[in-house]
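Below is one structure, written out as structure tokens; the observations come after it.
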Amino acid sequence: MDLFVVAIAGFFASMVDGALGMGFGPTSSSILLSNGLSPALVSTTVNLAKIATGLVAGVSHWRFNNIDRQLVFRLAIPGALGALVGVTVLANINGDDLRPYLAAMLILVGLRILVRFSRPLPLAPDINDPNVRDDAPPEFDRTGVEIAAAAGGITNGLVGAWGPVVTPFLLHRGLTPRFAVGSVNTAEVAVATVSAGALIGSLGGSGLDWEILLAMLGGGVIAAPIAALVVRFIPARALGLAVALLLLVTNARELMGTWDPSSGRWAIYLLIVILIAGAVVRPRFMRSTP
């Protein structure tokens, strides 16, 4: 595997994850799975990389006041417990049998991200308004936070997908995007540590490609503080839709390699393009609707 490509993938995945609170695990998992690594080794590699990138991102988000500390603990503990469940499933099922199901799960994650970013995003508070405290987490409905975190932990143990489950939940509950992103990325360190530790314990580290891991770490660590800085300015919809496109195309190819749809292959790719195009223009139709 081309290590430069892996480093670029780590950089891009970390930029997306730091800016959107989702995307590192699904993006990097899709790339590694499509290059032949077993699901268990993919999850181990991704979660080890997420520990380092998550620490850098967490410190950066703390530095830029993007964290709700109470929320971080409410996410981290059930998320870590859920990660143990996901890792247990992953370690006890044949990797070749699991690959198409993981690809299908990643397609669902891609569709989840697509739906989230096909709608107009809520406007950030006006920091010039004297009634707005830019440094304080706003109040929001915290009901079900622990359940969402546990579900995110399970998918993280399986495919490294923590953010796509937890971040949209918090946004739908009314939390400001910067605090949702910062808190989710910070809690992710605990979830990734438990996932990687449990996988290494069950696999003994056998087969882990340290060159791939270091390449992904290098790209990811460089991107993490940059993403924390630009999270207030980066065009979130464009990044979100780009991540959805990558997940859908990569994992559709994985599924088609397993099931061989022959003549229907291009129809599936065309459907993905239509879905992305529809998501791009959807806000215009929503604004024009009385």
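Residue numbers for the sequence shown follow my numbering, beginning at 1450 and rising by one.
Think of the CB as a built atom: it goes at the ideal place given N, C-alpha and C, for glycine as much as any other residue.
For clarity, every value in this text was computed on a predicted model and none was experimentally measured.
{"Check": "Rounding to the nearest angstrom, what Cα-Cα distance links Gly-1667 and Ala-1687 in this structure?", "Outcome": "25 Å"}
{"Check": "Could you round the C-beta distance between Thr-1604 and Ile-1500 to whole angstroms and report it? I think they count as a contact, below 8 Å.", "Outcome": "About 17 Å separates the two Cβ atoms, so there is no contact after all."}
{"Check": "By the 10 Å Cβ neighbour count, where 16 or more other Cβ atoms means buried, how is Gly-1593 classified, buried or exposed?", "Outcome": "exposed"}
{"Check": "Excluding the 5 residues preceding and the 5 following Leu-1563 in the sequence, name in chain order all residues of the same chain whose CB lies nearer than 6 Å to its CB.", "Outcome": "Ala-1693, Ala-1728"}
{"Check": "The alpha helix (DSSP H) spanning Glu-1595 covers which residue range?", "Outcome": "1594-1608"}
{"Check": "DSSP three-state call for Val-1722: helix, strand or coil?", "Outcome": "helix"}
{"Check": "Are the stretch 1614-1627 and the stretch 1488-1498 in contact at 8 Å, needing three or more beta carbon pairs?", "Outcome": "no"}
{"Check": "Verify whether the separation of the beta carbon atoms of Ile-1516 and Thr-1699 is less than 8 Å.", "Outcome": "no"}
{"Check": "Please classify Gly-1713 as buried or exposed, where buried requires at least 16 neighbouring CB atoms within 10 angstroms.", "Outcome": "exposed"}
{"Check": "So Val-1640 packs on Gly-1507, CB below 8 Å; how close in whole Å?", "Outcome": "The Cβ separation is near 12 Å, so there is no contact."}
{"Check": "With distance defined between alpha-carbon atoms, name the residue in Val-1615, Ile-1556, Gln-1519, Ala-1676 nearest to Leu-1695.", "Outcome": "Ile-1556"}
{"Check": "Going by C-alpha to C-alpha distance, which of Val-1633, Ser-1487, Ala-1676, Ser-1478 sits closest to Ser-1463?", "Outcome": "Ala-1676"}
{"Check": "Under DSSP, the alpha helix (DSSP H) around Pro-1617 begins and ends at which residues?", "Outcome": "1612-1621"}
{"Check": "Going by C-alpha to C-alpha distance, which of Gly-1601, Arg-1523, Arg-1731, Gly-1669 sits closest to Leu-1690?", "Outcome": "Arg-1731"}
{"Check": "Select from Ala-1672, Leu-1678, Gly-1606, Ala-1673 the residue whose C-alpha is nearest the C-alpha of Ile-1649.", "Outcome": "Gly-1606"}
{"Check": "Can you give me the C-alpha to C-alpha distance between Arg-1591 and Phe-1618, rounded to a whole angstrom?", "Outcome": "10 Å"}
{"Check": "Going along the chain, which residues of its own chain have a beta-carbon closer than 7 Å to the beta-carbon of Leu-1662, five neighbours each way excluded?", "Outcome": "Thr-1494, Leu-1497, Ala-1498"}
{"Check": "Could you give the C-beta distance for Leu-1704 and Ile-1721, rounded to a whole number, given that I count them as a contact under 8 Å?", "Outcome": "So it is not a contact: roughly 12 Å between Cβ atoms."}
{"Check": "If the criterion is Cβ atoms closer than 8 Å, does the pair Ser-1478 and Val-1608 meet it?", "Outcome": "yes"}
{"Check": "If you follow the alpha helix (DSSP H) that Pro-1527 is in, where does it begin and where does it stop?", "Outcome": "1518-1540"}
{"Check": "CB-CB under 6 Å to Ala-1532, same chain, minus the five flanking residues each way: which ones, in chain order?", "Outcome": "Gly-1602, Asn-1605, Gly-1606, Val-1640, Val-1643, Ser-1644"}
{"Check": "Could you check what DSSP says for Val-1730 in three-state terms: helix, strand or coil?", "Outcome": "helix"}
{"Check": "Here's a check: name, in chain order, each residue in its chain whose Cβ is nearer than 8 Å to the Cβ of Leu-1452, leaving out the five neighbours to either side.", "Outcome": "Glu-1660, Ile-1661, Ala-1664"}
{"Check": "Taking C-alpha atoms, which residue in Leu-1490, Pro-1488, Arg-1733, Thr-1502 lies nearest to Gly-1472?", "Outcome": "Thr-1502"}
{"Check": "Within a Cβ cutoff of 8 Å, which residues of the same chain sit near Leu-1547, ignoring the five residues on either side of it in sequence?", "Outcome": "Pro-1488, Leu-1539"}
{"Check": "Given that a residue counts as buried once 16 or more other Cβ atoms are within 10 Å of its Cβ, and exposed if not, what is Ala-1573?", "Outcome": "With a pLDDT of 48 at Ala-1573, under the threshold of 50, the modelled position of this residue cannot be trusted; read the value that follows with caution. So Ala-1573 counts as exposed."}
{"Check": "Between Ala-1599 and Leu-1551, is the Cβ-Cβ spacing less than 8 Å?", "Outcome": "no"}
{"Check": "For Ile-1671, which residues from the same chain have a beta carbon less than 7 Å from its beta carbon, with the 5 sequence-adjacent residues on both sides left out?", "Outcome": "Phe-1460"}
{"Check": "State the DSSP-derived secondary structure class of Arg-1591, mapped to helix, strand or coil.", "Outcome": "coil"}
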